[in-house]
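This report concerns only the one structure given below.
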């Protein structure tokens, strides 16, 4: 098997979830080629070799700086042809998943998204995926010769090795309609830790009483190097932007540590956090259902507990 | 203008998930089924677009007869007619092939659906349908405004959003806050009973993947409670036990 890995970058850095995709590819095969788009420095691209990539196909044409779904799908399918790949791996993301769908059709491939574990090839090609928004798993058998997998965060352990990948320029042949959608503007929270990628997340709910009290959440998040999140009511009331909404219909997170403050733990919120490795719940209501899903809990007033917690962590560092 | 909204028939978000038949079937016992929440956003926006632009609105579901109450609810919310492709929606490629076939037949200007179903969480059917039909596909879409033949959309990306311009026809996978969910009124429920619900047979049987079995996640250990006056203990546990600090 020969694997192509589509990696995404932000501000010139390859995303950690994409490096996990490279590591996943390296567990599937010794032949791992990366395809990368946009303005990423050669040494950054070469560093994918530390996770098992042999070669990088770099598409540096400016028209690919924005993640245009159709254009990326065409280019990736051509990169698969170029590298002779019979499998494509990428991180499950707002770009990766829609692109994977189109590539799968182009290549007549079997596609599995939300993949949570390495494939089992002892009897065909079986792979486990998260379903029911993290409440269960399904093992599926891929029916096609070509496989496309979009993997969840933490599907594979990221261990840094010592290799270096050879970088080659790659120029895809854009097809009619590839740029039919035009990205006219991109708005991004600058400098913050991205929620879907974060190792630590601090989330606030209605218990915070109003957007003016978010300073406490931000202080704790800053101290921990964490991303900030919120519950659905909080984003519905416009206390926080929608891209911070963690839950069933919002962002699904999978950090090492999730700290929920003043969130009762409705089942729809839990659906967004159930892949977290450790959950801390701080709530003044001892009956809050979130405690049942937590590893550590404090019954107490967020306005008293949070500043103390931030101070205690600062003292540690 | 002709709008197609594809809906899934899925367990309510509060459902307890369990499996039967040696973990090969979802246990529907006591489970309430709903229009997929993301599909419901797509439907709500489609009803608004129809009211503003005078479109016809068709809903499509790939599913068995037990999905019909869910389809009727979509008709009650404001769709004009419905298509049910009479097959188990077992695989995203299979479902995409069905939608693409009937969407092509109907010649729709706009094909909307949720960003993903909440049972299998594939998130790929919109992209597959777009690719099969040679149309642009955009997901996850947070806002959609039409101006004649051109649409302005915003798409959520990690930590932000993109503003996108695209001409009709196209396929979009939708999510909040594209529109508020609509609750059917009495008149809608009454008229939905007589709106056409056409049952059609599936085309082909191609699949991309086949289910082997289901599995529940390992049970969670008991929560350790820490006194609110002893925040230091929590920090100690996070550092030395959980090893996350």
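Residue numbers (my numbering), protein chains in the order written: chain W, 102 to 418; chain F, 403 to 647.
Quick reminder that beta carbons are idealized off the backbone N, C-alpha and C, glycines included.
What you are looking at is a predicted structure, and each value in this text was computed from that prediction instead of being measured.
Can you find a CB in chain F that lies within less than 8 Å of the CB of residue 159 of chain W? no
With a cut-off of 8 Å, does the C-beta of residue 285 of chain W fall near any C-beta of chain F? yes
Between residue 373 of chain W and chain F, is there a C-beta pair that is closer than 8 Å? no
Segments of 3+ residues assigned as beta strand (DSSP E) that fall wholly inside the region 438-475 of chain F: 458-465
Near-chain W residues of the region 582-614 of chain F (beta-carbon distance less than 8 Å), N- to C-terminal order: 609, 610, 611, 612, 613 and 614
Could you check where the beta strand (DSSP E) with residue 312 of chain W kicks off and where it finishes? That residue, residue 312 of chain W, is in no beta strand (DSSP E); it is neither H nor E in DSSP.
For residue 432 of chain F, which three-state DSSP category applies? coil
Min CB distance residue 135 of chain W to chain F below 8 Å: no
For residue 428 of chain F, which residues in the same chain have their Cβ closer than 7 Å to its Cβ, ignoring the five residues on either side in sequence? 421
Close Cβ partners of residue 602 of chain F (< 8 Å) along its chain, the five nearest in sequence each way excluded: 485, 486, 487, 488 and 504
Span separating the alpha-carbon of residue 439 of chain F from that of residue 112 of chain W: 34 Å
With DSSP collapsed to three states, give me the class of residue 102 of chain W. coil
Between which two residues does the alpha helix (DSSP H) harbouring residue 371 of chain W extend? 368-374
Anticipated Cβ contact below 8 Å, residue 254 of chain W with residue 118 of chain W, distance rounded: 5 Å
Since residue 584 of chain F and residue 480 of chain F should fall inside the 8 Å C-beta cutoff, what is the C-beta to C-beta distance between them, to a whole number of angstroms? Cβ-Cβ separation between residue 584 of chain F and residue 480 of chain F: approximately 7 Å, consistent with a contact (criterion under 8 Å).
Please decide whether residue 274 of chain W counts as near chain F, where near means a Cβ-Cβ distance under 8 Å. no
Taking residue 403 of chain W as part of the alpha helix (DSSP H), name the residues at either end of that continuous run. 403-417
Measure the C-alpha to C-alpha separation of residue 495 of chain F and residue 366 of chain W and round it to an integer number of angstroms. 35 Å
Residues in the same chain with beta-carbon distance under 8 Å from residue 336 of chain W, minus the five sequence neighbours each way, listed in chain order, please. 342, 343, 345, 346 and 351
I want to verify the contact list: residues of chain F whose CB lies under 7 Å from the CB of residue 244 of chain W, in sequence order. 609, 610, 611 and 612
Pairing CB atoms from the region 404-412 of chain F with CB atoms from the region 509-518 of chain F, are three or more of them under 8 Å? yes
Secondary structure of residue 413 of chain F, DSSP reduced to three states: strand
Let me see if you follow: with CB-CB separation under 8 Å, is residue 450 of chain F close to chain W or not? no
What residues from chain W crowd round residue 440 of chain F, counting only those whose CB sits closer than 7 Å? 350
Measure the C-alpha to C-alpha separation of residue 539 of chain F and residue 547 of chain F and round it to an integer number of angstroms. Rounded to the nearest whole angstrom, the C-alpha separation of residue 539 of chain F and residue 547 of chain F is 16 Å.
With a 10 Å radius around its C-beta and 16 neighbouring C-beta atoms as the bar for buried, classify residue 577 of chain F as buried or exposed. Using a 10 angstroms sphere on the CB of residue 577 of chain F, the tally of other CB atoms reaches 16 or more, which defines it as buried.
With residue 237 of chain W and residue 616 of chain F assumed to form a contact (beta carbons below 8 Å), what rounded beta-carbon distance in angstroms separates them? 6 Å
What is the DSSP secondary structure of residue 338 of chain W, counted as helix, strand or coil? coil
I'd like to check one pair, residue 516 of chain F with residue 483 of chain W: are the Cβ atoms closer than 8 Å? No information on residue 483 of chain W is available, as it lies outside the stretch 102 to 418 that chain W covers here.
Are there 16 or more other CB atoms within 10 angstroms of the CB of residue 262 of chain W, so buried, or fewer, so exposed? exposed
Count Cβ pairs between the region 309-324 of chain W and the region 357-376 of chain W that sit closer than 8 Å; are there 3 or more? The region 357-376 of chain W and the region 309-324 of chain W touch, with three or more beta-carbon pairs separated by less than 8 Å.
Can you give the Cα-Cα distance for residue 592 of chain F and residue 466 of chain F, rounded to whole angstroms? Here the alpha carbon of residue 592 of chain F sits roughly 23 Å from the alpha carbon of residue 466 of chain F.
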